[in-house]
Every structure is written in C-alpha cells, then in structure tokens.
Amino acid sequence: MRLSYVRPPGLAPWDIPYICSKAKKELYHSESSNFPPYFSLGACMEGFNQLMQSLYGIQLVNEPMESGEGWASDVYKLAVEHDTEGLLGHIYCDFYERKNKPNQDCHFTIRGGRRLPDGSYQNPLVAVMLNVPPPRWNGPSLLTPSMVDNLFHEMGHAMHSMLARTEHQHVTGTRCAMDFAEVPSVLMEYFSADPRVVKTFARHYETKEPMPEKMLQQY
34 MRLSYVRPPG LAPWDIPYIC SKAKKELYHS ESSNFPPYFS LGACMEGFNQ LMQSLYGIQL
94 VNEPMESGEG WASDVYKLAV EHDTEGLLGH IYCDFYERKN KPNQDCHFTI RGGRRLPDGS
154 YQNPLVAVML NVPPPRWNGP SLLTPSMVDN LFHEMGHAMH SMLARTEHQH VTGTRCAMDF
214 AEVPSVLMEY FSADPRVVKT FARHYETKEP MPEKMLQQY
C-alpha cells in the first residue's frame, strides 16, 4: 500500500515521530485521541509493575511519606522490593503538570547506591518527573500513547538505578556513558509498544473493558 503523504526532502531525525504518526493514521485509520481512555495513569503504572515482577522479580509498593518529605502535595513515593533481596531503593514520582514546574520528562538521582565501609549497602533514592494531566473531578489522569512511552522510558531509568548494585555511587545507575545509560530506558519503550504487554493493562477507565484487539494492532 502506498501512502499519499509524500516524504519531504531533507527529512531530519526530529521529523520522524510526526511522519510515523501520519503514516499510522493513514494505514490503520486510527486516531491517537481514541487511546487515552484505555490508558489511565493507574492502569499504566500497574502494567509497569506487572512487567517488573515478570522480568526482575520486583514490585513497586506505595509508601507513605514523612511530613515535609515531598516538595508538592501530589508527589508520592514507591518502595522497590525484590522477592528475595528485599528493599532495593525508593522512587519519588512527580508525575502531574502544575504551574511553574519545568516542562520536561526526566529522571534524577538524589542519592546513589554504594557499598558502605561497614559492608552494608546504601540504597539509591531517585525521582521521576513527568508532565501528565492531573485527575479531574470526573475521571483519572489519562495518557496519550506518547505519554505512555515516556512513562515507561523514565521508569526504565529508575529501574536502572535500583538494580545496579555498584560499589561506588559515582558510577551507579545512569551515571555512566550516555549511550549505555539509554539502553534500559529504550528497552522499556519497546515493551510499552508491544501489544502483548499493552493488553495486560490497557482498560477503559469507565467500563473496565480491555482494549479491543483491533486497537491493539493499530497501537
């Protein structure tokens, strides 16, 4: 099948997402606006949690914060717990857009993991920052497909920081060569785009019905 959309001369790397979205729309007759009702933030995080359990034997557990620990009322903390090794570290999740918040999706190391002089291990502490729409009175926070990709990407960085049990904190997690630092995060993007993974968590936020097979193939 030939696309009616003609590739412009001198296509730059940053044009590729736009061209791909145009091609998907024409090939599959799909609109990205059809997907957000199936991607509530809670469902996406549960899907990521299930994936981590399947791949690494870890689970993300919501943990209460102490007074003054968070920098905004909608920040929450996840404990990363391994089936046999116990607590691996904590992730602060600052996901919702708000006034004066930087408009970027990123992962920050607050405290790196390292081996202490007494032989014990200092667990890492990181923050993941996104800019997804906050919940409204009539429904949860709903993500577009690109937001789902970004969520899995940044959480992939966080998992790199949690699972890298290095001896020295200056080389822990994402504190490494840039190309290698992006491997775990880009790997998570592939999972977030795989229909076999998406079907495990994509549910309509009102009806709780799973995403139809046709939509999964268009995703």
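So for the sequence shown, the working numbering puts the first residue at 34; every next one is plus one. Backbone N, C-alpha and C define an ideal beta-carbon position, used for all residues, glycine too.
Close-in-space but distant-in-sequence residues of the same chain around residue i (CB under 6 Å, 5 per side omitted)
i, result
"A235", "Y71, M244"
"A214", "T207"
"A76", "F234, R236"
"P46", "none"
"M98", "K110"
Within 8 Å, strictly: CB atoms of residue i and residue j
i, j, result
"L158", "H123", "yes"
"N82", "D138", "no"
"G90", "T233", "no"
"V161", "A191", "yes"
"Y252", "V231", "yes"
"H186", "M211", "no"
"T177", "P69", "yes"
"S225", "L74", "no"
"L249", "P228", "yes"
"P168", "E130", "no"
Start-to-end residues for the alpha helix (DSSP H) that takes in residue i
i, result
"N95", "N95 -> not in any alpha helix (DSSP H); beta strand (DSSP E) instead, spanning 91-96."
"E222", "216-225"
"A191", "178-196"
"V108", "V108 -> no alpha helix (DSSP H), and no H or E assigned at all."
"P166", "Note, P166: premise wrong, no alpha helix (DSSP H); not H, not E."
"P135", "Element bounds for P135: n/a, residue is neither H nor E."
"P229", "Strictly speaking, residue 229 in this sequence is Arg, with Pro absent from that position. Per DSSP, R229 belongs to the alpha helix (DSSP H) from 228-231."
Other residues of its chain near residue i: CB distance less than 8 Å, five sequence neighbours each side excluded
i, result
"R147", "Y154, Q155, T199, E200, H201, Q202, T205"
"L149", "Q155"
"T117", "G90"
"N133", "none"
Inter-residue CB distance, residue i and residue j (contact presumed, cutoff 8 Å)
i, j, result
"V165", "M188", "That pair is no contact at about 13 Å."
"G172", "Y238", "6 Å"
"L163", "F141", "Their Cβ separation, rounded to whole angstroms, is 12 Å, which puts L163 and F141 out of contact at 8 Å."
"E114", "Q92", "6 Å"
Which residues DSSP lists as bridging residue i, in chain order
i, result
"S73", "L175"
"V113", "L93, G122"
"P243", "R236"
"Y154", "R148"
"V159", "I124, T142"
"Y129", "V165"
Start-to-end residues for the beta strand (DSSP E) that takes in residue i
i, result
"R144", "139-144"
Own chain, CB closer than 7 Å to residue i, minus 5 neighbours either side, in chain order
i, result
"W104", "none"
"A112", "V94, E96, L120, H123"
"I143", "L158, V159, A160"
"Y61", "Only weak support is given to the placement of Y61: the predicted model assigns it a pLDDT of 48, under 50, and the value that follows is read from those uncertain coordinates. Q251."
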